[in-house]
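Peer 1: First residue of the sequence shown: 42, per our numbering; consecutive thereafter.
All residues carry an ideal CB built from backbone N, CA and C; glycine is no exception.
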Amino acid sequence: YGAALAIDDAHSVGVLGPRGDGTAAHFGLVDEVDLIVGTFSKSLASIGGFAAGTENVIHFLKHHSRPLIFTAALPPGNTAGVLAALQVLQREPERRERLWKNARRLQDGLRSVGCRSKRRSCSGASCSTPACSPIRWFRLPCRHRCVGCAPA
Numbered sequence: 042y043g044a045a046l047a048i049d050d051a052h053s054v055g056v057l058g059p060r061g062d063g064t065a066a067h068f069g070l071v072d073e074v075d076l077i078v079g080t081f082s083k084s085l086a087s088i089g090g091f092a093a094g095t096e097n098v099i100h101f102l103k104h105h106s107r108p109l110i111f112t113a114a115l116p117p118g119n120t121a122g123v124l125a126a127l128q129v130l131q132r133e134p135e136r137r138e139r140l141w142k143n144a145r146r147l148q149d150g151l152r153s154v155g156c157r158s159k160r161r162s163c164s165g166a167s168c169s170t171p172a173c174s175p176i177r178w179f180r181l182p183c184r185h186r187c188v189g190c191a192p193a
């Protein structure tokens, strides 16, 4: 359709892709994506985030993204931490393999206590909680068919 494709990879960096390099790499679509944004606060254990795209896309964001004017550069220690975490991801793929093994174990455990779950190609568990669960699913009143959960 000629639309721009942006991916929020906040939960995928370090998890998906052949080297933990995210959703686009996982699905073999790196050259199809116009913008990838993500955070350093999840699998990279730091603060801040990133936007990756062509020079034109990044230029547009710099000049048209209001929140950018209120940000500051990352402290050097956090930048070094992110770089070190990226090096660990490259050198130690067994960490990602262990993550997926733990996700499957969690999914199996949830199923064993009555959660109906669906296996998906790139996610851990998606399940309905049993009636006795302290977690309740609810539908948010929005036009985007949002679903959330919260403690009862």
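1. Whether or not the segment 121-140 and the segment 80-96 are in contact is what I'm after, with contact meaning three or more pairs of Cβ atoms, one per stretch, closer than 8 Å; do they touch?
2. Could you give the C-beta distance for L147 and V56, rounded to a whole number, given that I count them as a contact under 8 Å?
3. Find out if the Cβ-Cβ distance for the pair D72, A45 is shorter than 8 Å.
4. Name the DSSP bridge partner or partners of A93?
5. Can you check DSSP and say which residues form a bridge with I48?
6. Excluding the 5 residues flanking D50 on each side, which residues of the same chain have their C-beta closer than 6 Å to its C-beta?
7. Compute the beta-carbon to beta-carbon distance between H52 and G58, rounded to the nearest angstrom, for a pair I have assumed lies under 8 Å.
8. Measure the C-alpha to C-alpha separation of A93 and R60 and round it to an integer number of angstroms.
Peer 2: Taking the coordinates as given:
1. Yes, they touch.
2. With a Cβ gap of about 14 Å, L147 and V56 do not count as contacting.
3. Contact: no.
4. Partner(s): I77.
5. Bridge partners of I48: I77.
6. Counting only residues of its own chain and dropping the five nearest sequence neighbours on each side, D50 has a CB closer than 6 Å to the CB of G63, T64, I77 and G79.
7. Between G58 and H52 the Cβ distance is about 12 Å, and since that is not below 8 Å, they are no contact.
8. Cα-Cα distance, rounded: 17 Å.
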